Structure formats: C-alpha cells, structure tokens
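Chemist: Using numbering that gives the first Met the number 0, the letters of the sequence shown correspond one by one to residues 0 to 127.
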Amino acid sequence: MLLKNELDEEDAKLLVENGVLAVTEGANMPSTLGAIKVFQKAGLAFGPAKAANAGGVAVSALEMAQNSSRRVWTFEEVDQELQRIMKTIFVNASEAADEFGDSGNLVLGANIAGFLKVAQAMSAQSIV
Numbered sequence: 000m001l002l003k004n005e006l007d008e009e010d011a012k013l014l015v016e017n018g019v020l021a022v023t024e025g026a027n028m029p030s031t032l033g034a035i036k037v038f039q040k041a042g043l044a045f046g047p048a049k050a051a052n053a054g055g056v057a058v059s060a061l062e063m064a065q066n067s068s069r070r071v072w073t074f075e076e077v078d079q080e081l082q083r084i085m086k087t088i089f090v091n092a093s094e095a096a097d098e099f100g101d102s103g104n105l106v107l108g109a110n111i112a113g114f115l116k117v118a119q120a121m122s123a124q125s126i127v
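Here's what the structure looks like:
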C-alpha cells in the first residue's frame, strides 16, 4: 500500500482534462513532482501538503496552549485562531514565491518560508 506519491502525472492530467480548478494536498507528499508540474503548468490553484497540513499541527499547538493555561477555548476561538494561522502561512508562502521570482508557486514559497522560519529559530538559539 502506497502512502506517498499516490497522485501521479497521469492522474493529474485526467484531473486537468476534467476541469478541476484546484487541488489541495491533505496527506504527506501525496502528489509526485510530475503531478505537481502538470497542475502548475495548467494554472491550477495548488495547496501543497507542507502548507495545507500545517493546520493540524497548529491545532495541536493550540490544544497544548489550552492545556498549559488550564483554559478551555470555544470552537469559535480555536477556529478563529486557526484561520489566522492559515492565512499567515498562505501570505508567507505567497510572498516568498514572489520574492524568489516565481509568483503563485506555493510549493516553492512554502519550502522557502518553512526553511527561513527554521533557520531563524536555529539562529536565535545560536545553533547556526
């Protein structure tokens, strides 16, 4: 059973041919590089796993914050904070793609934004 790269170039072509407008990954690396290139060439809106899956990680962090403060947040509070986090992730990925000359490429933008965030954290801890 495959757990990664289940959506390949041929699958991507079928999706494009059938009029799909957007693909958002909801697993870890579900699309092959070939599939992603097909989506990008066709101009589909593509939400890469690295950015899309951050929502689950963010909610886990919010849960830990609630637990440590011994406070229970309402669904609306969690949802509002998650929306803020996800918008920030999108803006950071989009701006990084723009800055590095490939506007709209959220795969590149998410990779660069993620790398920069980790590098800044490592630098702040004097690791690098």
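Ideal Cβ positions, reconstructed from N, Cα and C, are used throughout, including at glycine. Quantities reported herein were computed from a predicted structural model and do not represent experimental measurements.
DSSP beta-bridge partners for Phe74?
Modeler: Beta-bridge pairing links Phe74 to no other residue.
Chemist: Buried or exposed: which applies to Leu105, given that a residue is buried once 16 or more other Cβ atoms fall within 10 Å of its Cβ?
Modeler: By the 10 Å Cβ count, Leu105 comes out buried.
Chemist: Give me the DSSP bridge partner(s) of Ser30.
Modeler: According to DSSP, Ser30 bridges with Leu6.
Chemist: Quick check: what's the CA-CA separation for Asn91 versus Asn110?
Modeler: Using only the alpha carbons, I get a separation of about 10 Å.
Chemist: Hey, how far is the Cα of Leu32 from the Cα of Asp7?
Modeler: The alpha-carbon atoms of Leu32 and Asp7 are separated by roughly 8 Å.
Chemist: If Gly108 and Ser93 are in contact, beta carbons under 8 Å, what's the gap, nearest whole angstrom?
Modeler: About 6 Å separates the two Cβ atoms, so the contact holds.
Chemist: Under the criterion of a Cβ to heavy atom distance below 7 Å, does Val71 qualify as lining the ligand ATP?
Modeler: The ligand content of the structure shown is nil, which means the ligand ATP is not present either.
Chemist: Name, in chain order, the residues that DSSP records as bridge partners for Thr23.
Modeler: BP columns for Thr23 point to Gly46.
Chemist: Considering only their Cβ atoms, is the gap separating Ala11 from Gly34 smaller than 8 Å?
Modeler: Position check: residue 34 holds Ala in this sequence, whereas Gly was assumed. Yes, the Cβ-Cβ distance between Ala34 and Ala11 is below 8 Å.
Chemist: Could you compute how far the alpha carbon of Phe53 sits from the alpha carbon of Glu80?
Modeler: Rather than Phe, the amino acid found at residue 53 in this sequence is Ala. Each residue's Cα considered, the two are about 13 Å apart.
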